[in-house]
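Take the sequence shown: its letters are residues 57 to 151, numbered as in my numbering.
Note that beta-carbon positions come from the ideal geometry of N, C-alpha and C, so glycine has one too.
First the structure, in the form of structure tokens, and then the observations on it.
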Amino acid sequence: MPNGFGRGIVYMGRQAVDDGFYPPRIAAHELGHILGLPDNRNGRCDYLMSGHSSPTSCQSTTPHSTEAAQVRRNAGGGAPATLTRHRVYADCFRF
57 MPNGFGRGIV YMGRQAVDDG FYPPRIAAHE LGHILGLPDN RNGRCDYLMS GHSSPTSCQS
117 TTPHSTEAAQ VRRNAGGGAP ATLTRHRVYA DCFRF
């Protein structure tokens, strides 16, 4: 359920899993909604938001480049975020 860009609650029912869809793809698809992506139901595995229209054999969890571009526009159009380390936590991260 979208609650503003990047905010929301993901509900994962058992039906799609019981139908044979790949759970990580289901989760990635639902997170796409929180980032403002609609369902497109084009049946293509390379589009994350094709959802239930894609074959159950599809295990892609990566958004299509057009979907990623839409998320960037939804976020304000800036360049993709880069990872930075805060000095206090510098010893906690390994890059």
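Using beta-carbon positions only, say whether residue i and residue j come within less than 9 Å of one another.
i: G87; j: V66; result: In the sequence under discussion, the amino acid at residue 87 is Leu, which differs from the Gly named in the question. Contact: yes.
i: H89; j: D102; result: no
i: A131; j: G62; result: yes
Among the residues of its own chain, which have a CB less than 8 Å from the CB of residue i, if the five just before and after it don't count?
i: P80; result: Q115 and T117
Please state whether DSSP places residue i in a helix, a strand or coil.
i: G107; result: helix
i: Q162; result: As shown, the chain starts at 57 and ends at 151. That puts residue 162 outside it, with no answer to give.
i: G133; result: coil
Between residue i and chain C, is any beta-carbon pair separated by less than 9 Å?
i: G60; result: Among the chains of the structure shown, chain C does not appear; only one protein chain is present.
Taking 7 Å as the limit between beta carbons, can you name the residues of its chain near residue i, skipping five residues before and five after?
i: S106; result: N96, R97, N98, G99 and R100
i: L93; result: M105, E123, Q126 and V127
Roughly how many whole angstroms lie between the Cα atoms of residue i and residue j?
i: H85; j: Q71; result: 15 Å
i: Y78; j: S113; result: 8 Å
i: Y145; j: S110; result: Since pLDDT at Y145 reaches only 49, below the 50 mark, its modelled position is unreliable, and the value read off the structure follows with that caveat. In a straight line, the C-alpha of Y145 is about 41 Å away from that of S110.
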